[in-house]
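Student: Numbering (the UniProt record's numbering), first residue to last: 1 to 163.
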(Lines of atoms letter the chains of each structure in order from A and count residues from 1; the text may use other names and numbers.)
(Lines give C-alpha, C1' and ligand atoms only; values in the text may rest on other atoms or scores of the structure.)
Protein backbone atom coordinates (compact mmCIF):
# COMPACT_ATOMS: atom_id res chain seq x y z
CA UNK A 1 0.00 0.00 0.00
CA UNK A 2 1.01 3.57 -0.60
CA UNK A 3 0.61 6.68 1.48
CA UNK A 4 -0.31 8.69 -1.59
CA UNK A 5 -3.32 10.93 -1.21
CA UNK A 6 -5.52 10.53 -4.28
CA UNK A 7 -8.34 12.76 -5.46
CA UNK A 8 -10.87 12.56 -8.25
CA UNK A 9 -12.14 15.68 -10.02
CA UNK A 10 -15.22 14.46 -11.91
CA UNK A 11 -17.19 16.20 -14.60
CA UNK A 12 -18.38 16.25 -18.15
CA UNK A 13 -15.89 18.99 -19.12
CA UNK A 14 -17.73 19.75 -22.37
CA UNK A 15 -15.52 21.79 -22.73
CA UNK A 16 -13.02 22.34 -19.94
CA UNK A 17 -12.74 26.01 -18.90
CA UNK A 18 -10.30 28.12 -16.91
CA UNK A 19 -12.68 27.63 -13.97
CA UNK A 20 -12.19 23.85 -14.17
CA UNK A 21 -8.44 24.27 -14.56
CA UNK A 22 -8.30 26.49 -11.49
CA UNK A 23 -9.93 23.73 -9.41
CA UNK A 24 -7.65 21.03 -10.85
CA UNK A 25 -4.49 23.07 -10.26
CA UNK A 26 -5.49 23.81 -6.68
CA UNK A 27 -6.30 20.12 -6.06
CA UNK A 28 -2.76 19.30 -7.25
CA UNK A 29 -1.39 21.44 -4.41
CA UNK A 30 -3.20 19.25 -1.86
CA UNK A 31 -3.07 15.73 -3.34
CA UNK A 32 -0.28 13.49 -4.65
CA UNK A 33 -2.38 12.19 -7.55
CA UNK A 34 -5.40 13.80 -9.19
CA UNK A 35 -7.62 11.90 -11.59
CA UNK A 36 -9.64 14.16 -13.84
CA UNK A 37 -12.48 11.82 -14.62
CA UNK A 38 -14.64 12.43 -17.66
CA UNK A 39 -18.12 11.06 -17.21
CA UNK A 40 -19.61 9.31 -20.20
CA UNK A 41 -23.28 10.15 -19.84
CA UNK A 42 -25.30 8.14 -22.33
CA UNK A 43 -28.39 10.29 -21.74
CA UNK A 44 -26.58 13.47 -22.85
CA UNK A 45 -25.19 14.26 -26.27
CA UNK A 46 -22.12 16.40 -25.73
CA UNK A 47 -20.55 18.77 -28.21
CA UNK A 48 -17.28 16.87 -27.87
CA UNK A 49 -17.05 13.09 -27.65
CA UNK A 50 -15.58 11.69 -24.42
CA UNK A 51 -12.41 10.81 -26.35
CA UNK A 52 -12.10 14.38 -27.67
CA UNK A 53 -12.62 15.75 -24.15
CA UNK A 54 -9.90 13.47 -22.77
CA UNK A 55 -7.48 14.67 -25.47
CA UNK A 56 -8.36 18.33 -24.83
CA UNK A 57 -8.08 18.02 -21.06
CA UNK A 58 -4.79 16.15 -21.39
CA UNK A 59 -3.51 18.95 -23.60
CA UNK A 60 -4.37 21.75 -21.17
CA UNK A 61 -3.16 19.85 -18.07
CA UNK A 62 0.13 18.55 -19.49
CA UNK A 63 2.01 20.96 -17.19
CA UNK A 64 0.55 19.14 -14.16
CA UNK A 65 2.58 15.98 -13.45
CA UNK A 66 0.07 14.78 -10.83
CA UNK A 67 -2.88 14.68 -13.25
CA UNK A 68 -4.17 11.67 -15.11
CA UNK A 69 -7.21 12.09 -17.34
CA UNK A 70 -9.48 9.08 -17.58
CA UNK A 71 -13.04 8.28 -18.63
CA UNK A 72 -15.53 6.47 -16.46
CA UNK A 73 -19.00 5.02 -16.81
CA UNK A 74 -21.40 4.30 -14.02
CA UNK A 75 -21.24 5.47 -10.42
CA UNK A 76 -18.55 7.95 -9.46
CA UNK A 77 -18.06 6.20 -6.13
CA UNK A 78 -17.24 2.93 -7.93
CA UNK A 79 -14.61 4.75 -9.99
CA UNK A 80 -13.17 6.32 -6.82
CA UNK A 81 -12.89 2.90 -5.19
CA UNK A 82 -11.25 1.49 -8.32
CA UNK A 83 -8.47 4.13 -8.29
CA UNK A 84 -8.11 4.17 -4.49
CA UNK A 85 -9.29 7.76 -4.10
CA UNK A 86 -9.39 9.43 -0.71
CA UNK A 87 -11.49 12.35 -1.90
CA UNK A 88 -13.80 13.73 -4.55
CA UNK A 89 -13.09 17.36 -5.42
CA UNK A 90 -15.97 19.53 -6.53
CA UNK A 91 -15.91 23.18 -7.52
CA UNK A 92 -18.53 25.58 -6.27
CA UNK A 93 -19.30 28.74 -8.23
CA UNK A 94 -22.25 30.09 -6.29
CA UNK A 95 -24.69 29.28 -3.51
CA UNK A 96 -27.04 27.92 -6.17
CA UNK A 97 -24.60 25.02 -6.77
CA UNK A 98 -24.67 23.97 -3.14
CA UNK A 99 -28.04 22.22 -2.85
CA UNK A 100 -27.37 19.87 -5.77
CA UNK A 101 -23.82 19.22 -4.57
CA UNK A 102 -25.06 18.44 -1.07
CA UNK A 103 -27.40 15.78 -2.48
CA UNK A 104 -24.57 14.18 -4.45
CA UNK A 105 -22.28 14.26 -1.43
CA UNK A 106 -24.90 12.67 0.81
CA UNK A 107 -25.49 9.83 -1.64
CA UNK A 108 -21.76 9.25 -2.16
CA UNK A 109 -21.20 9.19 1.60
CA UNK A 110 -24.02 6.63 1.94
CA UNK A 111 -22.36 4.47 -0.73
CA UNK A 112 -18.85 4.77 0.78
CA UNK A 113 -18.28 6.75 3.98
CA UNK A 114 -14.48 6.48 3.62
CA UNK A 115 -14.31 8.75 0.57
CA UNK A 116 -14.61 12.42 1.48
CA UNK A 117 -16.02 15.13 -0.74
CA UNK A 118 -14.15 18.42 -0.66
CA UNK A 119 -15.37 21.66 -2.18
CA UNK A 120 -13.08 24.27 -3.64
CA UNK A 121 -14.60 27.67 -4.24
CA UNK A 122 -13.98 28.81 -7.78
CA UNK A 123 -11.78 31.84 -8.23
CA UNK A 124 -14.02 34.92 -8.49
CA UNK A 125 -12.67 35.58 -11.98
CA UNK A 126 -14.33 32.37 -13.16
CA UNK A 127 -17.47 32.20 -11.02
CA UNK A 128 -19.79 33.07 -13.92
CA UNK A 129 -18.35 30.49 -16.31
CA UNK A 130 -20.08 27.26 -17.22
CA UNK A 131 -19.41 24.96 -20.15
CA UNK A 132 -22.93 25.66 -21.44
CA UNK A 133 -22.35 29.40 -21.50
CA UNK A 134 -18.95 28.94 -23.17
CA UNK A 135 -20.53 26.84 -25.93
CA UNK A 136 -23.31 29.36 -26.48
CA UNK A 137 -20.91 32.30 -26.75
CA UNK A 138 -18.51 30.34 -28.99
CA UNK A 139 -21.34 29.22 -31.26
CA UNK A 140 -22.11 32.83 -32.13
CA UNK A 141 -18.49 33.92 -32.45
CA UNK A 142 -18.25 35.72 -29.11
CA UNK A 143 -15.02 36.41 -27.29
CA UNK A 144 -13.98 33.40 -25.16
CA UNK A 145 -10.19 33.70 -24.90
CA UNK A 146 -10.43 34.91 -21.29
CA UNK A 147 -12.46 31.90 -20.18
CA UNK A 148 -10.92 28.92 -21.99
CA UNK A 149 -7.35 28.00 -22.92
CA UNK A 150 -6.28 28.57 -26.56
CA UNK A 151 -6.46 24.83 -27.35
CA UNK A 152 -10.10 24.77 -26.27
CA UNK A 153 -10.92 27.99 -28.11
CA UNK A 154 -9.50 26.51 -31.33
CA UNK A 155 -11.40 23.24 -30.82
CA UNK A 156 -14.67 25.13 -30.28
CA UNK A 157 -14.16 27.24 -33.39
CA UNK A 158 -13.46 24.12 -35.41
CA UNK A 159 -16.52 22.31 -34.00
CA UNK A 160 -18.86 25.15 -34.81
CA UNK A 161 -17.36 25.57 -38.28
CA UNK A 162 -18.31 21.92 -38.95
CA UNK A 163 -21.96 22.46 -37.97
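Ideal Cβ positions, reconstructed from N, Cα and C, are used throughout, including at glycine.
No experiment lies behind these values; they were computed from the predicted model shown.
Roughly how many whole angstroms lie between the Cα atoms of residue 23 and residue 38?
Tutor: Approximately 15 Å, taken between the alpha carbons.
Student: From 117, 91, 28, pick the residue whose C-alpha is nearest to that of residue 105; which is it?
Tutor: Closest by alpha carbon: 117.
Student: Restricting to Cα atoms, I'd like to know which of 103, 57, 122 is closest to residue 91.
Tutor: Closest by alpha carbon: 122.
Student: So the candidates are 13, 103, 28, 137; which of them puts its Cα closest to the Cα of residue 64?
Tutor: Out of 13, 103, 28, 137, 28 has the C-alpha closest to the C-alpha of residue 64.
Student: Alpha carbons only, please: which of 6, 141, 125 is nearest the one belonging to residue 30?
Tutor: For the residues 6, 141, 125, the minimum Cα distance to residue 30 belongs to 6.
Student: Could you tell me which of 34, 144, 124 sits nearest to residue 133, measuring between CA atoms?
Tutor: The candidate whose alpha carbon is nearest that of residue 133 is 144.
Student: From 97, 45, 48, 55, pick the residue whose C-alpha is nearest to that of residue 36; which is it?
Tutor: Out of 97, 45, 48, 55, 55 has the C-alpha closest to the C-alpha of residue 36.
Student: Where residue 66 and residue 33 are concerned, what is the direct C-alpha to C-alpha distance, given to the nearest angstrom?
Tutor: Each residue's alpha carbon lies about 5 Å from the other.
Student: If you run the structure through DSSP and keep just helix, strand and coil, what is residue 25?
Tutor: Helix at residue 25.
Student: Excluding the five sequence neighbours on either side, which residues of its own chain have a C-beta within less than 7 Å of the C-beta of residue 151, listed in chain order?
Tutor: Same-chain partners within the cutoff: 56, 59, 60.
Student: Excluding the five sequence neighbours on either side, which residues of its own chain have a C-beta within less than 7 Å of the C-beta of residue 77, listed in chain order?
Tutor: Answer for residue 77: 108, 111, 112, 115, listed in chain order.
Student: Among the residues of its own chain, which have a CB less than 6 Å from the CB of residue 87, if the five just before and after it don't count?
Tutor: Counting only Cβ-Cβ distances below 6 Å, and skipping sequence neighbours, we find 7, 116, 118.
Student: Excluding five sequence neighbours on each side, which residues of the same chain lie with their C-beta closer than 6 Å to the C-beta of residue 156?
Tutor: Excluding residues within five positions, the ones whose Cβ falls inside 6 Å are 138.
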